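So the sequences go chain by chain: U and R.
197 is the number of the first residue of the first sequence in this note's numbering; add one for each residue after it.
1134 is the number of the first residue of the second sequence in this note's numbering; add one for each residue after it.
Notes to accompany the following structure.
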Amino acid sequence: MLYIELAWRNLFRNTRRTLLTCLLISTGLAVLIFADGAIRGMEKLMIGSVTKTLQGEAQINRLGFRDNFDVDLYIENPTTILGKLTEDERLSAYSLRVLSGGMIGSAYNSAGGVIYGINPEQEKEVSRIRDAISEGNYLSGKSRELLIGTTLADLLEVKLGDRIVLTAANVDTNELTQDLFRISGIFEFGAREFDEGFVFVNLSAAQKLLGMEGGIHQIVLQFKDPKTSRDNLSLSYQDLEDKEIEITGWLGLQPSIGAMLEYTNLGTAIIGGILFILISLGVINSLFMSIYERIYEFGVIRAIGTSRFEIISLVLVEAFFLGLLSAFLGLIVGLLFSYYYSINGLPLGEMEVSGIMLGNGNLYTELAPYQVIFLPLYVILLTLITAIYPAFFASRIVPTRALQRAL
Amino acid sequence: MKVIETSNLSKHFGLGETRVSAVKNVSFEIEEGEFTAIIGPSGSGKTTLLHLIGGLDSPDEGDITLSGEKIAHMKGNQLSDFRRDHIGFIFQAYNLIPVLSAAENIEYIMMLQGIKKPERRRKVEEILETVGLTGLGDRRPAMLSGGQQQRVAVARAMVSKPDIILADEPTANLDSKTGMKLLEVMKELNREFKLTFVFSTHDEKIMNMATRLIHLRDGSIERDEQK
Ligand SMILES: Nc1ncnc2c1ncn2[C@@H]1O[C@H](COP(=O)(O)OP(=O)(O)OP(=O)(O)O)[C@@H](O)[C@H]1O
Ligand SMILES: [Mg+2]
Chain U
197 MLYIELAWRN LFRNTRRTLL TCLLISTGLA VLIFADGAIR GMEKLMIGSV
247 TKTLQGEAQI NRLGFRDNFD VDLYIENPTT ILGKLTEDER LSAYSLRVLS
297 GGMIGSAYNS AGGVIYGINP EQEKEVSRIR DAISEGNYLS GKSRELLIGT
347 TLADLLEVKL GDRIVLTAAN VDTNELTQDL FRISGIFEFG AREFDEGFVF
397 VNLSAAQKLL GMEGGIHQIV LQFKDPKTSR DNLSLSYQDL EDKEIEITGW
447 LGLQPSIGAM LEYTNLGTAI IGGILFILIS LGVINSLFMS IYERIYEFGV
497 IRAIGTSRFE IISLVLVEAF FLGLLSAFLG LIVGLLFSYY YSINGLPLGE
547 MEVSGIMLGN GNLYTELAPY QVIFLPLYVI LLTLITAIYP AFFASRIVPT
597 RALQRAL
Chain R
1134 MKVIETSNLS KHFGLGETRV SAVKNVSFEI EEGEFTAIIG PSGSGKTTLL
1184 HLIGGLDSPD EGDITLSGEK IAHMKGNQLS DFRRDHIGFI FQAYNLIPVL
1234 SAAENIEYIM MLQGIKKPER RRKVEEILET VGLTGLGDRR PAMLSGGQQQ
1284 RVAVARAMVS KPDIILADEP TANLDSKTGM KLLEVMKELN REFKLTFVFS
1334 THDEKIMNMA TRLIHLRDGS IERDEQK
């Protein structure tokens, strides 16, 4: 194909300029691929932190419980719900909880906090409490075991093995009730809200303290496919809703995270936009320079019968090659970087989002097929679109005037 | 058979005080197989006239009929297709696309005409021999002498089988010996293939090879001399 050859060779008339433009476009693409990977990684980290730490991907609560955490809004008999849960193929794990505000007291001091009653075996599968233990042991099921956060332990001046008295209100009578526990483990999530305000005891011990044997406040759910939690979960649990029970996905539990995710999508769009301007300027500049240098030549080939359309196509094919070359280069560089950091992670430092620590301080970029397919296509398309104006300009070169020029 | 027929051709540039009549009331006819030189001092309108009859510029007044078709009012693609198929152009210099080899430069116009590659290749070889450039087809223009480059331009101009070849001072950038040789090639093509040439020149020796001289002065035909 002589035409294609011609366009390709034209591209390398001024190799330096072409390579510089190529470098500009490919750097843009590499940045886009990397930034997109980082943004996706960040998103995953954020969602992971939110859903894996304590809250779960979704929760089942009595209607209204989440508003004020009124202890009397509990599920008296979860049997039918549990029946449904075991049938739900999408679930990977669930865990029953009791929670109540209360006083946490030591021999020296006391503080207000949230008392969680958990099933240690189930809980391992839905939250990171066990991973957060920094001293002592996780719950084993013995009735007086208690886990306390580092900050709270300092405040109460207690250590492993010390005694703690929990005081709470009976769910039915509202009378104060107390029980004695021993610190079996100290945890550190790294988030202040957790380390200062929470204690965990065995489910049955908490039920006994609050006078709600068999009852629970909350079921935490994890799904096999993380996408499930974004679906409208209440559809599949409609009959439960009639009994004043609600199921809420993490987006509903943490609306602020949902808003942040919107912003991360905006981030890709903004980077794409900046790239658009960058590439446009680079391509326009490069093409115009190469057209200006060739005005006489365009005059000649127009004179001997090249049509305007053929001139437009010639410039567009040149731009296409420029885009293709740059996309190829940018793709390789972008993928290499993104791949490296998807394995080694970007050091992120300490970062807290809505009171939840993000991972282990490393951000791992996420590679995705669309980054390999659509982002380079976007860049090639962008180059082509930008080339339309220079191409039209070249096609409007008037032979008589062009021929007068260089002589 | 008449190849070109112009009647009362005029072309003006500029407005008011600076208005120049580059071509004024020019009427002439050119028969197939003629070897015509347009001569005249600098600024007499040679280039303008060649551009008008070649369909590169449109006249302000008058008509041009080329191979029986009126071209004065053709536009856009129609005109560029007409140029491609009916007119061969040779300019003073830089006729060739520098990134294409001599052979590819000749091929280029056949590609525009939609001729298939094997036939293009065959014709290129044939025509390179005709203009005396056998074996130089693979060279880029920069690797050819000025005279060789102009021969490639001649080859390109004739390969599209035009009705007429227009050459605006084709020898101006060549030394006089090389210029004469180029003209001899053109003359030979004129004799052998009955190709019609119209060229402009300043050079006495070269104009003397023409069979007809059209003298221009201030845009008008001063004398039309058949030899
Ligand atoms: N585009 C233009 N704008 C204004 N004036 C022009 C233009 N083209 C030609 N002219 C004028 O028209 C007249 C004829 O010019 P033209 O180039 O046709 O002469 P020429 O015989 O080819 O001269 P030369 O031998 O120097 O090439 C000149 O006075 C020139 O200045
Ligand atoms: Mg001239």
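C-beta: ideal position from N, C-alpha, C; glycine also.
Predicted model, so just to flag it, every value in this text is computed and none were measured.
{"Query": "Cβ-heavy atom distance, glycine 1173 of chain R to ligand 1, below 7 Å", "Result": "yes"}
{"Query": "Within-8 Å CB hit, glutamate 514 of chain U to chain R", "Result": "no"}
{"Query": "Element boundaries [alpha helix (DSSP H), containing glutamine 567 of chain U]", "Result": "565–591"}
{"Query": "Ligand 1 heavy atom lying under 7 Å from the CB of phenylalanine 1224 of chain R", "Result": "no"}
{"Query": "Distance, phenylalanine 588 of chain U Cα to glycine 1209 of chain R Cα", "Result": "14 Å"}
{"Query": "Pair within 8 Å by beta-carbon distance, methionine 1342 of chain R and lysine 1320 of chain R", "Result": "yes"}
{"Query": "Under the three-state DSSP convention, the category glutamine 403 of chain U falls into", "Result": "helix"}
{"Query": "Alpha-carbon spacing of leucine 532 of chain U relative to leucine 1233 of chain R, whole angstroms", "Result": "37 Å"}
{"Query": "8 Å Cβ cut-off: residues of chain R touching alanine 499 of chain U", "Result": "Gly1187, Leu1189, Arg1216, Phe1222, Phe1224"}
{"Query": "Contact with chain U by valine 1257 of chain R, beta-carbon distance below 8 Å", "Result": "no"}
{"Query": "Contact check, leucine 1322 of chain R vs threonine 1304 of chain R, beta carbons under 8 Å", "Result": "no"}
{"Query": "Sequence-distant residues of its chain with Cβ nearer than 7 Å to glycine 495 of chain U (five each side left out)", "Result": "Ile593, Pro595, Ala598, Leu599"}
{"Query": "Neighbourhood of asparagine 1228 of chain R by C-beta, 6 Å cutoff - its chain only, sequence neighbours within 5 removed", "Result": "Ala1286"}
{"Query": "Cβ neighbours of isoleucine 360 of chain U in the same chain (closer than 8 Å, five flanking residues each side left out)", "Result": "Ile300, Gly301, Ser302, Leu342, Ile344, Leu352, Val354, Leu376, Phe377, Arg378, Ile379, Val395"}
{"Query": "C-beta neighbour in chain R for threonine 606 of chain U, strict 8 Å", "Result": "Outside the modelled stretch of chain U, which goes from 197 to 603, sits residue 606 of chain U, for which no answer is possible."}
{"Query": "Within chain U, the residues that isoleucine 1248 of chain R reaches when beta carbons sit closer than 8 Å", "Result": "Ordered by position in chain U, no residue passes the 8 Å Cβ test against isoleucine 1248 of chain R, which lies about 11 Å from the chain."}
{"Query": "Integer-rounded CB distance, given that valine 1136 of chain R should sit under 8 Å from serine 1353 of chain R", "Result": "Not quite, the Cβ-Cβ distance comes to about 22 Å (not below 8 Å), so this is no contact."}
{"Query": "Listed by chain order, chain U residues near histidine 1184 of chain R by CB distance under 7 Å", "Result": "Thr596"}
{"Query": "Minimum Cβ-Cβ distance from isoleucine 1297 of chain R to chain U less than 8 Å", "Result": "no"}
{"Query": "Within 8 Å, strictly: CB atoms of asparagine 398 of chain U and serine 339 of chain U", "Result": "yes"}
{"Query": "Touching by the beta-carbon criterion (3+ pairs, under 8 Å), the stretch 246–258 of chain U and the stretch 442–452 of chain U", "Result": "yes"}
{"Query": "Three-state secondary structure (DSSP) of glutamine 1246 of chain R", "Result": "coil"}
{"Query": "Heavy atom of ligand 1 within 7 Å of alanine 1286 of chain R beta-carbon", "Result": "no"}
{"Query": "Outcome for glutamate 409 of chain U when other beta-carbon atoms lying within 10 angstroms are tallied against a minimum of 16", "Result": "exposed"}
{"Query": "Simplified DSSP assignment, three categories, for asparagine 1099 of chain R", "Result": "The structure shown has nothing for residue 1099 of chain R, since chain R only spans 1134 to 1360."}
{"Query": "Chain U within 8 Å of leucine 1233 of chain R, Cβ atoms only", "Result": "yes"}
{"Query": "Residue environment, glycine 465 of chain U, which counts as buried when at least 16 other CB atoms sit within 10 Å", "Result": "Checking the sequence, you will find alanine at residue 465 of chain U rather than glycine. Classification of alanine 465 of chain U: exposed, given that the 10 Å Cβ count is below 16."}
{"Query": "Own chain residues within Cβ distance below 6 Å of glutamate 272 of chain U, not counting five before or after", "Result": "Gly411"}
{"Query": "First through last residue of the beta strand (DSSP E) which encompasses valine 397 of chain U", "Result": "394–398"}
{"Query": "Residue from U:Leu580, U:Asn461, U:Tyr585, U:Phe570 with nearest C-alpha to isoleucine 235 of chain U", "Result": "U:Asn461"}
{"Query": "Contact the stretch 313–333 of chain U vs the stretch 263–283 of chain U: 3+ CB pairs below 8 Å", "Result": "no"}
{"Query": "Selection from R:His1184, R:Asp1193, R:Glu1337 that minimises the alpha carbon distance to glycine 1147 of chain R", "Result": "R:Asp1193"}
{"Query": "Around ligand 2, Cβ to any heavy atom closer than 7 Å, ordered along the chain", "Result": "R:Lys1179, R:Thr1180, R:Asp1301, R:Glu1302, R:Ser1333"}
{"Query": "Short Cβ contact (8 Å threshold) for leucine 250 of chain U with glycine 260 of chain U", "Result": "no"}
{"Query": "Nearest neighbour of tyrosine 566 of chain U, chosen from U:Gly332, U:Tyr312, U:Phe230, U:Ile453 [CA to CA]", "Result": "U:Phe230"}
{"Query": "Beta carbon proximity, glutamate 1240 of chain R to chain U, threshold 8 Å", "Result": "yes"}
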